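Some notes on the structure that comes next.
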Amino acid sequence: MTQDLNDDGFGGDVVETAPRPRVSRRSFLQIAGMGAAATGAVISSARVAMAGNGWTVGLDGVPDERVRWMYRTMLKSRWWEEEMKEAFLAGNDGLYGAFHISIGEEACSTGVMAALNEDDYIASNHRGHSHLIAKGGDLAKMSAELFFKETGYNRGFGGSMHITDVSKGILGMNGIIGPQYLFASGAAYSAKVRGSGQVAVAFGGDGSVNNGWYYSGLRNAALYKLPMIAVVENNGYQMSMPQQRTNSLINLHEFGAGLDIAHEAVNGMDVMAVYAVAKRAVDRARNESLPTLIECKTYRYYDHAGLAGARAGELGAFGLPYRSDAEVRAWMAEDPIPKLRRQMVANALMTEEEADRIEAEVRQEVLDSIEFARSSPAPQPEAGLEHVFAGMSVAPSQFIG
Amino acid sequence: MVNKPSNFAMLEALQTAMRNDPHMTMLYEYQRPVAAGPLGNVIDLYEEFGDLRIPDWGPIDEEWHVGGAAGIAMTGVKAIARVPSMCSTRCFELVFNQVGKLRHMTGGQVNMPLVIWQDAAGRSPGMAGQHADAGQEALYASIPGIKVVVPSNPYDAKGLLTAALEDGDPVIIFHYPAIDGNPTDVPDEAYVVPIGEAAIRQEGTDLTLVGYGPAAVEIQRALPGLAEAGISAEVIDPRTIKPMPIDAIVESVRKTGRLLVVDHGHETLGTAAEIIARVAIAVPGARFARSTFPDAPPPGAREMISWMTPDAPKIVEAARLMVA
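Taken in order, these protein sequences are the chains called A and B.
Here numbering that gives the first Met the number 0 is used: position 186 in the first sequence is 185, and no number is missing along the way.
Here numbering that gives the first Met the number 0 is used: position 273 in the second sequence is 272, and no number is missing along the way.
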């Protein structure tokens, strides 16, 4: 059963009008295959409004399979980054390059992605592992890319910061701050031109709102009425600088008021709340072709980049100069994964044993992906001359003659 | 004198300039102007000059740092913007269409005492694409009205930054971390390495070997291999890309008859192309070659980027081919 759920998470097209009796679980799966036939709200508009004001909303109205998918997806993201962190710390694989951990922020990516269809677009950022995993990214190809192997998503050209899977609507992680808002608006424009009904979502941090491309992406989404959603994962720090020192605005979503677009804040440590707000934004984008700005208040358990303050076998980075350990622990007490697990067990969606089994399965899948990366071949040096243009290489001008 | 990291050496230059000018202002993003020296002494420009002249940290908004600093400079106040390495062209429009043009376009009215401290990435494995670039100094050198300097060691970094801060025109200084692989003694007191003056690092007769910044570091590493191969190379580091100190190179090539330019920028329209063009016009009949990073973005995997980067072994091999 859990195996079925593994690859069946998408289908934000499915909506329900009221909480269902649990016996209808199979019917949800049948509806999922039918596309966007149903209408209505998964969660009552009152509850969505509460979520948009920072309240928790619980599992009401959300199909069990969707909840299970969210639980498994957050775990996948959590354990993939944890195990990759362990590999970096152990030092046995000679890992190198950029590594920006998104642990702590899984509810944002999973909650949004649970509201999207498989062919919707996302434009991610440097802290995008969890976005990719939630959008269906292949763990083995992601691991291999972090190992700079030929079998990686980008064939070893990109590394952690640039993983892309165009086939899944993942327009890529990106090492530069800001283009995701332009790309998502452009992808939404394309969807509108083609009449495809697709939605495009940009993910960025609180630091990313500080430059002009953010403004340009949002204002043009508003001007051209684009099915675009900007998700600002406000983790409180632009790198190691507290958010209030980079922006006169504290509630970043309020920027949307000046553009006259829908905007709301949500508890980014509560996947159900994120899902509720994201679902409404996706409906608005798909049905009315209008943008939304969502601010997820969330937290990054690790440092901006790399592994300062991180220890093997321990969740989170401590002793960093710009934040207190007590602050880290306070946010970890709000961890979205055990929070969802407790709700699922209490609502009889799964037993504790089942929860443990799912987690063990996920960890094994992650470890298998790392083993795949380990045993994959490195790229040939000459490959670096390829993929500059389609079907032609450039000259090896480092050599004379 | 002791070896100092280039960042510390440059902050020394900045400290002197800011002490001498009560209004000089610095805008930056995240490279806080704090560094520890080799003897444990600490420079903390934020502590010394405060939150107004050096706003502590800045938003991720390079257009503000460069454009705002240009606006400060237009009022006659010396300004420096420090820009992160992955954003070396983010403000190209501002520099091309504003900073470089304003003095000329206004008939000489606008003074622009602006320095852009451009941290540069260099060809490091693992960063890929936007974070492993080099050679963007050639783009800026193509802009009228902009002076471009690229130090290859900490001594030159401090001296060139001092010169840039004393210059009344906009200067961009590219600071590659690789230059700390070329350690030098750095005096505590202020000194100038003049803009537009090349350094002859080694005299020789077989071949003129030219490179700046990270390529100059690789040339230094190639010296034992060149000696072993019995090649007498004259090694020149132009240090300034614009105005290019071409006379020293021309004079050398008149003597050696061979010019090899090493450049971590790209092949097409890179600095190597400019140097060779100028020397070829002045010294017809000489032999010319360049070793550059190919016309491809930098890939992440070590196997690829290392093979593509002109390094010491490739320089020795190229020199062998040229003198053969």
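Here a beta-carbon is modelled for each residue, glycine too, at the ideal position from N, C-alpha and C.
Small disclaimer: the values here were computed from a predicted structure and weren't measured.
- With respect to chain A, the C-beta atom of T255/B has no partner C-beta closer than 8 Å.
- Annotation for P237/B: A197, Y211 and P244 place their beta carbon closer than 6 Å to its own, counting only its chain and skipping 5 residues before and after.
- Within the same chain, and ignoring the five residues on either side of D55/B in sequence, the residues whose Cβ sits closer than 6 Å to its Cβ are Y45.
- The C-alpha of S396/A is placed about 53 Å away from the C-alpha of N266/A.
- The beta carbons of R253/B and V234/B sit about 16 Å from each other, so the pair does not count as a contact at 8 Å.
- Where C295/A is concerned, there is no enclosing alpha helix (DSSP H), although the beta strand (DSSP E) around it starts and stops at T291 to K296.
- Taking the CA atoms as reference points, D355/A sits about 48 Å from G390/A.
- When CB distances to chain B are screened at a threshold of 7 Å, not a single residue of the stretch 318 to 352 of chain A falls below it.
- In the structure shown, T239/B falls within a strand segment according to DSSP collapsed to helix, strand and coil.
- The beta-carbon distance between V230/A and L115/A, rounded to whole angstroms, is 11 Å. This is too long to meet the 8 Å contact definition.
- By the criterion of at least three beta-carbon pairs nearer than 8 Å, the stretch 310 to 318 of chain A is not in contact with the stretch 276 to 288 of chain A.
- For S108/A, same chain residues with a beta-carbon under 6 Å away, outside a window of 5 residues either side, are S129, H130 and A133 in chain order.
- D205/A sits away from A106/A, with the two beta carbons spaced by 8 Å or more.
- Using a Cβ-Cβ cut-off of 7 Å, T239/B is close to nothing in chain A; its nearest Cβ partner there is about 24 Å away.
- When the five nearest sequence neighbours on each side are left out, the beta carbons in the same chain lying within less than 7 Å of the beta carbon of E351/A are those of V344, in order along the chain.
- D60/B and F146/A have their alpha carbons spaced roughly 32 Å apart.
- Within chain B, the residues whose beta carbon sits less than 8 Å from that of S207/A are I59, listed in sequence order.
- Between the alpha carbons of H103/B and R277/B lies a distance of about 25 Å.
- When Cβ-Cβ separations below 8 Å define contact, S396/A makes contact with chain B.
- Rounded to the nearest whole angstrom, the CA to CA distance from P241/A to D43/B is 20 Å.
- Taking one beta carbon from each stretch, the stretch 280 to 297 of chain B and the stretch 260 to 269 of chain B have 3 or more pairs nearer than 8 Å; the two touch.
- Residue state for P320/A is assigned as coil, using DSSP reduced to three classes.
- Counting along the chain, E232/A sits inside the beta strand (DSSP E) bounded by residues M227 to N233.
- With contact defined as three or more Cβ pairs closer than 8 Å, the stretch 154 to 164 of chain B and the stretch 181 to 192 of chain B are in contact.
- Apart from the 5 residues on each side of it in sequence, A215/B sits with its Cβ closer than 6 Å to the Cβ of S151 and D236 in its chain, given in chain order.
- DSSP lists R81/B and I172/B as the bridge partner or partners of W116/B.
- For M160/A, the chain B residues whose C-beta falls within less than 9 Å of its own C-beta are M126, A127, G128, Q129, H130 and G299, listed in chain order.
- The Cβ atoms of P112/B and K146/B lie no closer than 8 Å to each other.
- L251/A is classed as buried because its beta carbon has at least 16 other beta carbons within 10 Å across all chains shown.
- Against E302/B, the close residues of chain A are F147, G155, A377, P378, Q379, P380, A382 and G383, in the order they occur along the chain (beta-carbon pairs closer than 9 Å).
- CA-to-CA, the gap between E227/B and G136/A works out to about 52 Å.
- Minimum Cα-Cα distance from R81/B among the listed residues G66/B, D166/B, G75/B and A133/B corresponds to G66/B.
- By the CB criterion at 8 Å, S207/A and N153/A fall outside the cutoff.
- Of the other Cβ atoms in all chains shown, fewer than 16 fall within 10 Å of the Cβ of D187/B; this residue is therefore exposed.
- With contacts defined by Cβ atoms closer than 8 Å, P290/A and A221/A form a contacting pair.
- For the C-beta of V387/A, the chain B residues within less than 8 Å are, from N- to C-terminus, D294, A295 and P296.
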